[in-house]
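> The following block contains the structure, expressed as structure tokens.
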Amino acid sequence: MEYQKIAELLFPDVKLTCEEIFAKYPKRNLKEGQVVSRFAPSPTGFIHIGNFFQMFISYNLTRVSDGVFFLRIEDTDSKREKEGAIDVVFEILNRFGIKIDEYQTLDGKDIGNYGPYVQSQRVEIYKAFAKKLVAEGKAFPCFCKKTEGKEDVLKLRENKFQNDDEKEYDPCRDLSFEEVKKHIDNGEKFAIRLKTKNTGKERVKFYDLIKGEIEAKANAKDFVLLKNDGIPPYAFAHAIDDTLMGTTIVVRGEDYIGSTPMHIELFEALGFKPTVYCHNPLICKLGDNGNKRKISKRYDPEADMRYYFEQGIPTTAVLEYLLGIINSGFEIWRMKNPDADFNEFKFGINDITAVAPIFDLVKLADISKNVISRLSAEELYDSWLNWAEEFDKSLAAWLKENKAYAISFLGIDRSGAKPRKDIANMSMIKEYFSYMFFRPTLDEVAEEDKDKFNEFMAAYQKAFTFPSSNEEWFALVKEVAGGLGYATDNKAYKANPEVFKGNVAKACEFVRVAITGRKNSPTLYEIIKSLGEKETRERLNVKK
RNA sequence: GGUCUCAUGGUCAAUCGGUUAAGACAUCGCCCUUUCACGGCGAAGUGAGGGGUUCGACUCCCCUUGAGACUACCA
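Shown next as structure tokens:
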């Protein structure tokens, strides 16, 4: 009775009952095995790769089970919130081609029957459940000033079950109606705390999709259900929303394992059925000391999902890399199905890796190279231009003016069954093909080769006629080289290298450096063709 | 400190008690193309340590060690 009165005193305006709320959220009609899961980001203005990883696991779980994937915005912490942050969430999801079944649109319309899908619009619901818990004596108002930094109060709370003979209780845990009323009449703000029924000795068990059954110490903290601004922190919102919205598997980072016992007790207090969790491993980096550490926004640019846009790494490459981490069977599947869409890959929901992986940018680059190698010259041009329009305006302008030329060099060694694989992202192309824009320098010619280089280039330039085939081009290099004492027979060269100035490979290297400034480049004949006769002749006319 | 999680080569990993311990990336070598690549072939490299259980353990149990995470009116 007393509790009932306190609840009424605390929440005079809350008329909505929990029964009424439940009536609005009917149970989902699911077929056997169908998963309902969600992405629940906080609108902080960026998406961390760890969140994205978690989202992608959720997404795949629902995808392979033909389930429901929804987006819930967790904007309960106004301090961390950033203007326009929700747009960022949608932008990233869209760019990666992640399809959401239920969400709230930017102009506030809920798609789906379990909304609102934005937590700040659900406070009436949270308050109704908080009121119910207070009325049942399972929660209580706390009038302490925020406990951040208040170590004495925190200590007291920690010790509340040890020192009960001293009555060193939590100062607010057992307030009478009159005492509460006094505080309220004083105009004091209050938080709502759970009145834990545990004493610190109990154990709980819960099921985790990745780790199996986990047993841990039960919660014994009177944690906060409603902050003194009336808004719930994560735990309370999670319990209510995921129950109401019919989430069947809660995917979240393994940093939440420690707080799961809190959530278990909360579900119990609320009379909810516990959910299945899937605590995914945290993505790590190798620290300077050689140890793993959580990948962090502060030190690792690749922790922010926008990094991949800035670098121009294909989104499918990122997704495929992540999918390979989630389930290593994907890599094998990919080799067997090189051209299939990754969405066709199916895996069991119990096959998710349990180990925190070190994020491997080199491997990502390899996947990315494969993805890009499958593009036609026109497709590559389009993605490059697309990227440039966002991150390199002057390049974009140049690309539009020189479309045919750009496509001509982007297409080098691209067609055929074995395309080269050396472009890992859009941001590197300009540098990679810098010789298509500018005359190269001759830095790559070694000092000791200087005279040979000059001698060969002089002769070659004089003999040069613009070739009409790769064979013709090569024949001339060979002829000139042979005339100067280079080996035209590789076997002869290998047998007695000291007899010759070098082999034809060396001669090719000279031409390559003269034309491109590098020892590595795509097929020279194709480059010459793109460059045109005039430019080619001028580049051949060099001296180191 | 307490609680929890994890532990196969440099990295990602397969094996769900029976074995020459897959494969991918990276590294190195060879072959192909008398060029660069691509591709093909090959090499090197792993079960943290110690106890059990078992005919037999990388696989199950325990201890140690190491690493990570959590321990807020943040998520």
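Start counting the first sequence at 26; every next residue gets the next number (the working numbering).
Using N, Cα and C, we set each Cβ at its ideal position, and we do this for glycine too.
Between N479, M360 and K319, which lies nearest to A381 when the distance is taken from Cα to Cα?
It is K319 whose Cα lies nearest to the Cα of A381.
> L158: buried (16+ other C-beta within 10 angstroms of its C-beta) or exposed?
Buried, since its Cβ has 16 or more Cβ neighbours within 10 Å.
> In this structure, does DSSP put G75 in helix, strand or coil?
G75: helix per DSSP, three-state reduction.
> Among I150, V89, E99 and Q146, whose alpha-carbon lies nearest the alpha-carbon of K49?
Comparing Cα positions, the closest option is I150.
> For G507, which residues of its own chain have a beta-carbon under 7 Å away from its beta-carbon, when the five flanking residues on both sides are left out?
Correct list, in chain order: T513.
> Grab me the residues of F491's own chain with a C-beta within less than 6 Å of its C-beta, minus the 5 sequence neighbours each way, in chain order.
Hits under 6 Å: E558.
> So for Q129, helix, strand or coil by DSSP?
In the structure shown, Q129 sits in a strand (DSSP, three-state: E or B).
> Helix, strand or coil for D190? Go by DSSP, reduced to three states.
Any reading at D190 must be qualified, since the residue scores a pLDDT of 49, below 50, and its modelled position is unreliable; the value itself is stated next. Of the three classes helix, strand and coil, the one that applies to D190 here is helix, per DSSP.
> Have a look at P306 and Y550 and give me their C-alpha separation to the nearest angstrom.
Whole-angstrom Cα-Cα distance: 50 Å.
> For the beta strand (DSSP E) containing N305, list its first residue and its last residue.
First-last of the beta strand (DSSP E) with N305: V301 to N305.
> For the segment 298-373, which segments carrying the beta strand (DSSP E) assignment without a break, of at least 3 residues, lie completely within its bounds, in sequence order?
Whole beta strand (DSSP E) segments, 3+ residues: 301-305, 309-311 and 317-319.
> Is the segment 49-65 touching the segment 255-273, taking contact as three or more C-beta pairs under 8 Å?
Yes: the two stretches touch, three or more of their Cβ pairs being nearer than 8 Å.
> Using a threshold of 8 Å, state whether the C-beta atoms of T548 and N515 are closer than that.
Cβ distance not < 8 Å, so T548 and N515 don't count as in contact.
> Using CA coordinates, which residue listed in E238, Q336 and D468 is at the minimum distance from N450?
The residue with the shortest Cα to Cα distance from N450 is Q336.
> Beta-carbon within less than 6 Å of E27's beta-carbon, same chain only, minus the 5 sequence neighbours each way: which residues are those?
For E27, where only same-chain residues beyond five positions count, the Cβ hits under 6 Å are F202.
> With 16 other CB atoms within 10 Å as the buried threshold, where does D100 fall?
Buried, since its Cβ has 16 or more Cβ neighbours within 10 Å.
> Based on the DSSP output, what are the partners of N253 in its beta bridges?
DSSP output for N253 lists no bridge partner at all.
> R464: which of A520, M453, R537 and P522 sits nearest, CA to CA?
It is R537.
> In three-state terms, what does DSSP make of Y50?
Three-state result, Y50: coil.
> Would you tell me roughly how many angstroms separate the C-alpha atoms of K220 and G140, rounded to the nearest one?
So the two alpha carbons sit approximately 29 Å from each other.
> Drop a sphere of 10 angstroms on the beta-carbon of G527, count the other beta-carbons inside from all chains shown, and report buried for 16 or more, exposed for fewer.
Buried is the call here.
> Please name the residue or residues paired with K134 in a DSSP beta bridge.
DSSP output for K134 lists no bridge partner at all.
> Check whether the Cβ atoms of L295 and A164 sit closer than 8 Å, and answer yes or no.
Taking 8 Å as the Cβ cut-off, L295 and A164 do not qualify as a contacting pair.
> Give the straight-line distance between the Cα atoms of I125 and D280, rounded to the nearest whole angstrom.
Answer to the nearest angstrom: the Cα atoms are 25 Å apart.
> CB P299 to CB I308, shorter than 8 Å?
Cβ atoms of P299 and I308: not closer than 8 Å.
> May I ask which residues mark the beginning and end of the alpha helix (DSSP H) holding C533?
Per DSSP, C533 belongs to the alpha helix (DSSP H) from V529 to T541.
> How is the alpha helix (DSSP H) around S419 delimited, first residue to last?
Unbroken alpha helix (DSSP H) run through S419: K418 to E426.
> Leaving aside the five residues before and after D135 along the sequence, list all residues of the same chain whose C-beta is less than 7 Å from its C-beta, in chain order.
Here the set comprises Q129, P141 and Y142.
> Going by the beta-carbon positions, is the gap between K310 and F384 smaller than 8 Å?
In contact: K310 and F384 (Cβ atoms closer than 8 Å).
> Might you give, ordered along the chain, the residues of its own chain that have their beta carbon closer than 7 Å to the beta carbon of K242, omitting 5 neighbours on each side?
Hits under 7 Å: R228 and P286.
> Mind checking who C169 pairs with in its DSSP beta bridge?
Paired residues: none, contrary to the question.
> Verify whether the separation of the beta carbon atoms of I552 and I392 is less than 8 Å.
Not a contact, by the Cβ cut-off of 8 Å.
> Run through DSSP, which three-state label would K570 get?
Outside the displayed span of the chain (26 to 569) sits residue 570, for which this structure offers no information.
> Nearest CA to the CA of L469: which residue from L118, E33 and R543?
For the record, residue 469 in the displayed sequence is Glu; it is not Leu. Comparing Cα positions, the closest option is R543.
> Any idea if A600 is buried or exposed, counting beta-carbon neighbours within 10 angstroms, 16 or more meaning buried?
Limits of the chain in this structure are 26 at one end and 569 at the other, which puts residue 600 out of reach.
> How is the alpha helix (DSSP H) around S10 delimited, first residue to last?
Since the first and last residues shown for the chain are 26 and 569, residue 10 lies out of range.
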